[in-house]
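**Student:** Handing you this structure, nothing more for now.
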Amino acid sequence: MKNSYRPEIDGLRTIAVISVIIYHAEITINNIKLFQGGFIGVDIFFVISGYLITSIILNELIDKNSFSFKNFYERRIRRILPTLLFVILISIPIAWVKLSPNDFLNFSKSALYSLGFSSNIFFWYSGQQYEAESALLLPLLHTWSLSVEEQFYIFFPIILVFVFKYFKKYLIHILIFGFVVSLIFADWASGNHPNANFYFLPTRGWELLAGSILAHFETSLGYRSKNNKLNLILPGVGILLICYSYFLFDHNTFHPSFYTLIPIIGTCLVIWYSDKNEFITKILSTNLFVKIGLISYSLYLWHYPIFALGRIKNLNHSEYDKISWIIITIICSIISYFLIEKPSRKKIYKFKSIFISILFIFLIIATSLFYLNFKNKKDIIKSGDHGFSTSPNQLIGKGNKKFIIFGDSHATHSMGYLKDFIFSNEEKDLSFYNVTHTACISLPSITNYVPKGKKKFKLNKECINLYKNINQILKSTEKEPVVFLYNTWFKNIIKNNSKTYNENLFFSNDMKKNKIIIKAILDDIIKLRRMNNIKKKWIIIGISPGSYNYEYNGYMNCYYSNRSKFNLPIYEIEECDKTNLKKNGSNFENHQIFKNIVNSEYDNELVYVDTYELYCNENYCNNFTSQKKLIYDDHHHFTYEGSKKIVHKIIEIFNETY
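Here our numbering runs 1 ahead of the position in the sequence shown, where the first position is 1.
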């Protein structure tokens, strides 16, 4: 059975890639984000890939009673690697200019992992949440999906050929079994291990297998649906299900999970019931949809690095900036499609030549990245510890005086220096429990403070466990530990809740609403104290002056745009230190609200550490320590050097109150 070209599949690719691009561009109309569920476009690609790959394999097995792995992997290499290598190669010099040494090092790692078909593992291991703000500044984050597909391409053909040869009668049963097991696993993991669930093939496999099941039915029957009535109705239903996901899913939706069945079923309906006489099929088969679909791979590869590097240049970007990024993406995609992608797939170019070229470019990329990072070495900033641990039993240090670090990455960014300080000769008698997790906000007010009639913010199990673990420690320890609550919780609560009802509280001037939320958080902390009969004061760490502050980014741009001129370590570039963080704006006002409530209402139970007093003078806040070392390693986390003041202040208060 010959694989006939289906133009509507390219049209479906167009719908998928457009949704992903609009989602990542974060285009809004009247403060409403378009395609807030646009990430589903990747899932549509997975179904299409599963369908096409399985069709190719099964048709070859049926027609020839054999399968050429050599030809299969050659086609995959021709299809995937040349354009990917080209995009990475072009991105390197731009990333070198725009990124900090630390960020360029991470960019380099992600590039090499993506070329090794494992960037999904890299981003999971580094704790990177796909929907987090920091994700928007990672040029190659989108390659996680390519790695998932490539891993599928490596393992699935081997399994499929084996099953076809020895267990052909049970092939459909095995495909369905794999689909069901993977789906159930994904639904469970969506609430328990959301990051691994998002990035890994075992929890994404059911989406690819959905397409495989369609391909099996088509090859075994020799046709798709012959029901004319269903052919006229169900493609439209499929598009409606996809659109429903685009507009009503958001970052709070557990994904992939049973919810993701909605767009997956929609995609399957379009693929199976498409008919040349049906309205949706005709639209998807139009010249415009097909042409965009043909360059969809290039569009997908180019859009994320262009968007990320554009944001780094200007964090305070406008809708016009976003439109310009999209235009640049389209131009680059057309160029790479005609100069790289299309020619590399033609048989007139021998695979040996293609393969040698790929190896040569790979060596250029690898050599360039190693050389530039070696050159960058003197500028690498010693960062804090942005890791995570939810284990209630993880006690760091051997001292008798115990306390708890509780919170998100803003609880851990001082961990590196804190560990060194505790293990030093100065503070041998201290130890602490590390109850933290990157991007987790874990007080009851997260789910309780939601406007009436609006859906509640969902916490995954890892974040829920933080709250359980701190209770466990408080109830089980012999002495009452002082708890250091590092937090940007209130910022996250405001932001995440704003996404549920299209109202941005944190960056607005509506401090009355902000005060309600901050008060709710502090009430939660007080309830936790009183519930455990705590007598010692707890310490609240104030908001970092650098949190999401655009002036800091201005400094970084100044340095990197003049790298060749200065040719000096980053902390010696005083010429660029003209954009000190301003001591004003909603960040400072929220800090004041937090501080005032603690001091006026909870003075007997809480101590508020004023970070603005530590890092700012009367008018502005510094980028540097007195030793000319950077305080921040990004736009909100402290460096190792920058965290020293915080750590010393914590120890000072702890020793006074212990």
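Backbone N, C-alpha and C fix where the C-beta goes; we use that ideal spot for every residue, glycine too.
1) Using only the alpha-carbon positions, how far apart do F491 and G400 sit?
2) Does DSSP put T626 in a helix, in a strand, or in coil?
3) Rounded to the nearest angstrom, what separates F280 and G239 at their Cα positions?
4) Which residues share a DSSP beta bridge with G408?
5) Assuming the contact rule is C-beta atoms closer than 8 Å, L202 and V149 should be a hit. Round their C-beta distance to whole Å, please.
6) I'd like the list of long-range same chain contacts for I307, defined as Cβ closer than 8 Å, with 5 residues on each side in sequence excluded.
7) Could you tell me which uninterrupted alpha helix (DSSP H) segments, each at least 4 residues in length, are contained entirely in the region 107-152, listed from first to last along the chain?
8) Hey, L302 and V43: beta-carbon distance below 8 Å or not?
9) In whole angstroms, what is the alpha-carbon distance linking K285 and H438?
10) Need the endpoints of the alpha helix (DSSP H) that I349 sits in, please.
11) With DSSP run on the structure shown, which of helix, strand or coil describes L541?
12) Looking only at DSSP bridge pairs, what is K403 linked to?
13) Between the alpha carbons of W145 and N103, how many angstroms are there, rounded?
14) Could you pull out every residue in the same chain whose Cβ sits closer than 8 Å to the Cβ of I365, ignoring the five residues on either side in sequence?
15) Run the CB neighbour count on E614, radius 10 Å, all protein chains shown included, and call it buried at 16 or more, exposed below.
16) Would you decide whether L360 is buried or exposed? Buried here means 16 or more other CB atoms lie within 10 Å of its CB.
17) Give me, in chain order, the residues of the same chain whose beta-carbon lies closer than 7 Å to that of L172; leave out the 5 immediate sequence neighbours on both sides.
18) In the DSSP assignment, what are the bridge partners of K34?
19) Using the rule of at least 16 other Cβ atoms within 10 Å of the residue's Cβ for burial, across every protein chain shown, is L13 buried or exposed?
20) Can you list, in chain order, the residues of its chain whose CB lies under 6 Å from that of E219, leaving out five sequence neighbours each side?
21) What is the DSSP secondary structure of F168, reduced to helix, strand or coil?
22) Please say whether G398 and S369 have beta carbons closer to each other than 8 Å?
23) Please list, in chain order, all residues of the same chain as T640 whose beta carbon is under 8 Å from its beta carbon, the five residues on each side excluded.
24) Straight-line CA distance for I214 to V48?
25) Can you check which of these residues, N121, I519, L310 and Y621, is closest to I93 by C-alpha distance?
26) Quick one: using the 10 Å Cβ neighbour count with 16 as the cut-off for buried, is I272 buried or exposed?
27) Please name the residue, chosen from L300, S345 and Q395, that lies closest to V21 on a Cα-to-Cα basis.
28) Could you tell me whether the region 537-547 touches the region 601-616, where touching means 3 or more Cβ pairs closer than 8 Å?
29) How do the region 106-117 and the region 66-80 stand: do at least 3 beta-carbon pairs fall below 8 Å, yes or no?
30) Where does the unbroken beta strand (DSSP E) through L607 begin, and where does it stop?
31) Going by DSSP, what residue range makes up the alpha helix (DSSP H) through L270?
32) In angstroms with no decimal places, state the Cα-to-Cα distance between F70 and I362.
33) Nearest to F404 by CA position, among Y434, L82, E653 and S627, is which residue?
34) Excluding the five sequence neighbours on either side, which residues of its own chain have a C-beta within less than 6 Å of the C-beta of H143, listed in chain order?
35) From which residue to which residue does the alpha helix (DSSP H) around P546 run?
36) Is Y154 helix, strand or coil when you go by DSSP?
**Tutor:** Working from what's here:
1) Because the pLDDT at F491 is just 47, under 50, the model does not fix this residue reliably, and the value given afterwards should be weighed accordingly. If you take the alpha carbons of F491 and G400, they lie about 32 Å apart.
2) coil
3) 13 Å
4) T437
5) 5 Å
6) W326, I329, T330 and C333
7) 120-126
8) no
9) The sequence shown places Leu at residue 285, not Lys. Computed Cα separation, rounded: 44 Å.
10) Run containing I349: none; DSSP gives neither H nor E here.
11) Residue identity check: residue 541 is Ile in the sequence provided, not Leu. Here I541 sits in strand by DSSP.
12) S432
13) 20 Å
14) L90
15) exposed
16) exposed
17) V164, F165 and H217
18) T29
19) buried
20) R225
21) coil
22) no
23) I382, K383, S384, G385, K630, L631, I632, Y633 and D634
24) 10 Å
25) L310
26) buried
27) L300
28) yes
29) no
30) L607 to V610
31) L262 to Y274
32) 24 Å
33) Y434
34) Y305
35) Unbroken run through P546: none, as it is neither H nor E.
36) helix
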